[in-house]
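Here is the structure we will look at, set down as structure tokens.
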Amino acid sequence: MRLSLLAFYQSLTVGVLGFCVANFSTKHACAENSGKPNLLIFYSDDQGWGETGCYGNNQIPTPNIDALAANGVRFTQGYVAATYCSPSRAGLLTGKYPTRFGHEFNAVANKSGLRLDQVTLANRLKELGYATCCVGKWHLGNSEPYRPTKRGFDEFFGTLANTPFFHPKNFVDSRISQDVREITDDNFYTTDAYAQRSIDWLEKNKDKSWFLYLPFNAQHAPLEAPQKYLDRFPDIQDQKRRLFAAMLSAQDDAVGRVMTKLRQMGQEENTLVFYIADNGGPTQATTSKNGGLRGFKMTTFEGGPRVPYISQWKGHWPAGKVYDYPVMNLDVVPTMLAATGNKIPQSEQLDGVDLAPFITGQNSARPHETMYWRFGPQWAIRHGDLKLVVSRGGSGKPELYDLSKDLSESSDLATTRPEEVKKLQTMWDAWSAQQAPPSAIDAPANQKARNPRARQQSAARSNDDRT
Ligand SMILES: [Ca+2]
Numbered sequence: 017m018r019l020s021l022l023a024f025y026q027s028l029t030v031g032v033l034g035f036c037v038a039n040f041s042t043k044h045a046c047a048e049n050s051g052k053p054n055l056l057i058f059y060s061d062d063q064g065w066g067e068t069g070c071y072g073n074n075q076i077p078t079p080n081i082d083a084l085a086a087n088g089v090r091f092t093q094g095y096v097a098a099t100y101c102s103p104s105r106a107g108l109l110t111g112k113y114p115t116r117f118g119h120e121f122n123a124v125a126n127k128s129g130l131r132l133d134q135v136t137l138a139n140r141l142k143e144l145g146y147a148t149c150c151v152g153k154w155h156l157g158n159s160e161p162y163r164p165t166k167r168g169f170d171e172f173f174g175t176l177a178n179t180p181f182f183h184p185k186n187f188v189d190s191r192i193s194q195d196v197r198e199i200t201d202d203n204f205y206t207t208d209a210y211a212q213r214s215i216d217w218l219e220k221n222k223d224k225s226w227f228l229y230l231p232f233n234a235q236h237a238p239l240e241a242p243q244k245y246l247d248r249f250p251d252i253q254d255q256k257r258r259l260f261a262a263m264l265s266a267q268d269d270a271v272g273r274v275m276t277k278l279r280q281m282g283q284e285e286n287t288l289v290f291y292i293a294d295n296g297g298p299t300q301a302t303t304s305k306n307g308g309l310r311g312f313k314m315t316t317f318e319g320g321p322r323v324p325y326i327s328q329w330k331g332h333w334p335a336g337k338v339y340d341y342p343v344m345n346l347d348v349v350p351t352m353l354a355a356t357g358n359k360i361p362q363s364e365q366l367d368g369v370d371l372a373p374f375i376t377g378q379n380s381a382r383p384h385e386t387m388y389w390r391f392g393p394q395w396a397i398r399h400g401d402l403k404l405v406v407s408r409g410g411s412g413k414p415e416l417y418d419l420s421k422d423l424s425e426s427s428d429l430a431t432t433r434p435e436e437v438k439k440l441q442t443m444w445d446a447w448s449a450q451q452a453p454p455s456a457i458d459a460p461a462n463q464k465a466r467n468p469r470a471r472q473q474s475a476a477r478s479n480d481d482r483t
């Protein structure tokens with residue numbers, strides 16, 4: 017079964033790429049000054065559902081992120097298909113549940129990367145003639161075949177995995193070479209540098225149709241910020257919170273700098289923008305709050321997968337709209353492809369949908385009647401407003417919540433509504449049976465080594481994966 021599935025995906029990849037290559041020269045010519053929309057994704061790291069002004073944070077001003085919502089659509093129930101970094105990115109860039117292809121844990125990125133038979137959004141757009149660039153934290157594989165420039169991006173400027181903000185690790189600037197390089201400049205701060213590099217790349221590619229993917233490492237640990245951002249928050253006494261505020265403020269500035277560049281280029285109306293966080297806030301580690309939701313990053317309670325989710329497309333999307341039906345990060349690929357005038361064949365079985373008809377009101381139904389999550393022993397299904405969930409921090413048994421009345425998942429209905437528990441359990445079991453087994457599993461800390469020093473190193477590695 018696995019062999020036939022693999023063969024299917026390989027033939028699909030060859031077929032899709034072959035079709036695109038056959039049409040490449042024509043489409044590439046069309047992409048220059050074609051008027052096709054530019055595409056921009058801001059992907060924030062570990063930013064809880066409550067952590068921007070437009071999602072209720074009144075402590076840390078985020079005027080530039082809020083402006084995206086004011087000029088576009090703010091989704092109150094925006095989800096990611098996985099509750100931590102690498103699988104979330106795998107879902108974003110493929111439009112498929114990452115569990116479909118075994119990308120259930122961060123360990124995949126550490127041991128290999130996003131499976132090579134998976135087509136990324138950048139692959140698709142590059143074959144349509146788009147200029148493509150990834151600036152920021154990749155986290156879909158360190159070794160060369162898995163790096164951004166082998167996955168559809170013309171250029172990459174950023175880190176291959178988690179990193180400090182100063183003197184970043186695993187840093188690559190593909191303009192210079194594909195090799196990991198050391199950053200010796202003490203003033204290099206990833207968030208600021210990513211904004212500058214994005215602006216430079218946009219200037220260089222302003223006459224083309226372009227796709228810029230900007231996955232910040234803010235606000236992932238470690239908490240680090242230049243003094244100029246810390247100085248904006250003299251009244252926050254909790255130093256951890258003050259650092260977080262500075263990091264978010266820096267990221268908001270970066271969003272503002274990129275959007276200002278679009279306006280200067282006269283391209284804001286011709287650019288479809290998404291702003292999404294990769295998973296919920298790990299509140300204890302970084303203070304990132306989840307707006308009253310239960311759970312955190314790496315749990316299947318709402319605080320894990322529900323995130324800030326905004327889209328702006330001036331002149332196409334309504335301005336200042338609040339959209340309340342659930343959407344997912346898996347919807348970005350089909351929405352962006354549709355915006356270019358292209359469709360992804362149904363045979364590819366993407367899990368995301370084109371959001372355009374839902375945003376414009378052409379379709380008043382839910383984009384997703386049912387959503388699924390699997391994260392090791394934790395899992396969840398949301399069908400309509402009912403959610404059946406097994407999550408870290410819960411009872412260990414499936415719990416049933418009505419999210420339309422119980423946003424904080426505090427009143428378990430499992431014992432009073434057993435028929436619905438059974439129905440949702442059956443649906444999730446059927447979905448889970450269609451998913452691939454994890455291709456690499458996160459090793460629990462302390463199980464790899466016998467001597468204390470090696471055990472310590474093993475635990476550190478594992479914690480790095482998990483945070
Ligand atoms: Ca993350």
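If you're matching positions, the sequence shown starts at 17 in my numbering and goes up one per residue.
We put the CB at the ideal spot given by N, CA and C, even for glycine.
Simplified DSSP state of G307, which is helix, strand or coil: On the sequence shown, residue 307 is found 291 positions in, with the first residue counted as 1. It is coil, neither helix nor strand.
What's the gap between the Cα of V196 and the Cα of A177? Locating residue 196 in the sequence shown gives position 180, where the first residue counts as 1. Locating residue 177 in the sequence shown gives position 161, where the first residue counts as 1. Going from the Cα of V196 to the Cα of A177 covers about 12 Å.
DSSP-derived helix/strand/coil call for T68: As a position in the sequence shown, residue 68 is number 52, starting the count at 1. Coil at T68, not helix or strand.
Residue from I292, R163 and D418 whose Cα sits closest to the Cα of Q235: Indexing the sequence shown from 1 puts residue 235 at position 219. Among I292, R163 and D418, the Cα nearest to that of Q235 belongs to I292.
With a floor of 4 residues, list each alpha helix (DSSP H) that falls wholly inside the segment 388–450, ordered by position along the chain. Counting only runs of 4 or more residues that sit fully inside the segment 388–450, the alpha helix (DSSP H) segments are 434–450, in chain order.
Tell me the DSSP secondary structure of K224 in three-state form. Translated into positions along the sequence shown, residue 224 becomes position 208. In this structure, K224 counts as strand in the three-state DSSP scheme.
Would you check if the segment 312–325 and the segment 366–373 touch, i.e. whether three or more CB-CB distances between them fall below 8 Å? Fewer than three Cβ pairs drawn from the segment 366–373 and the segment 312–325 lie within less than 8 Å of each other, which leaves the two stretches out of contact.
Should E198 be labelled buried (16 or more other beta-carbon atoms within 10 Å of its own) or exposed? Walking along the sequence shown from the start, residue 198 turns up at place 182. Burial check for E198: the Cβ neighbour count within 10 Å stays below 16, so the residue is exposed.
Using 8 Å as the threshold, is the segment 282–289 in touch with the segment 237–252, meaning 3 or more CB pairs across them? Verdict: no, contact absent.
Who are the Cβ neighbours of G72 in its own chain at under 7 Å, not counting the five residues just before and after it? Numbered from 1 along the sequence shown, position 56 holds the residue referred to as residue 72. Here G72 has G66 and G307 as same chain residues with Cβ atoms under 7 Å from its own Cβ, once five neighbours each way along the sequence are excluded.
What whole-angstrom Cβ distance do T148 and G174 have, given they're in contact under 8 Å? By one-based count along the sequence shown, residue 148 stands at place 132. By one-based count along the sequence shown, residue 174 stands at place 158. T148 to G174, Cβ: 14 Å. No contact.
Report all residues from its chain with a CB closer than 8 Å to the CB of L423; omit the five preceding and five following residues, and keep chain order. Locating residue 423 in the sequence shown gives position 407, counting from the first residue. Spatial neighbours of L423 in its own chain (CB-CB distance under 8 Å, excluding positions within 5 residues in sequence) are listed in chain order as G308, L309 and E318.
Just to confirm the assignment, what range does the beta strand (DSSP E) spanning L56 have? Translated into positions along the sequence shown, residue 56 becomes position 40. DSSP places L56 in the uninterrupted beta strand (DSSP E) bounded by N54 to S60.
Based on the DSSP output, what are the partners of F182 in its beta bridges? The residue given as residue 182 occupies position 166 in the sequence shown. Per DSSP, Y205.
Is it true that the segment 384–392 meets the segment 270–278, where meeting means three or more beta-carbon pairs spaced less than 8 Å apart? Result no; under three Cβ-Cβ pairs closer than 8 Å.
Ordered along the chain, which non-local residues of its own chain (more than five positions away) have a Cβ less than 6 Å from that of V30? The residue labelled residue 30 in the question sits at position 14 within the sequence shown. Any reading at V30 is ruled out, since the residue's pLDDT is 38, under 50, leaving its predicted position unreliable.
V323 - partner residues in DSSP beta bridges: Against the sequence shown, residue 323 aligns to sequence position 307. For V323, which the question treats as bridged, DSSP gives no partner whatsoever.
Would you mind stating whether S531 and T316 have Cβ atoms separated by less than 8 Å? The chain is shown from 17 up to 483; residue 531 falls before or after that span and cannot be answered.
Would you call N74 buried or exposed, if buried means 16 or more other Cβ atoms sit within 10 Å of its Cβ? As a working note, residue 74 is residue 58 in the sequence shown. Result: exposed.
Locate the alpha helix (DSSP H) running through L288, then write down its first and last residues. In the sequence shown, the residue the question calls residue 288 occupies position 272. Note, L288: premise wrong, no alpha helix (DSSP H); beta strand (DSSP E) at T287 to A293.
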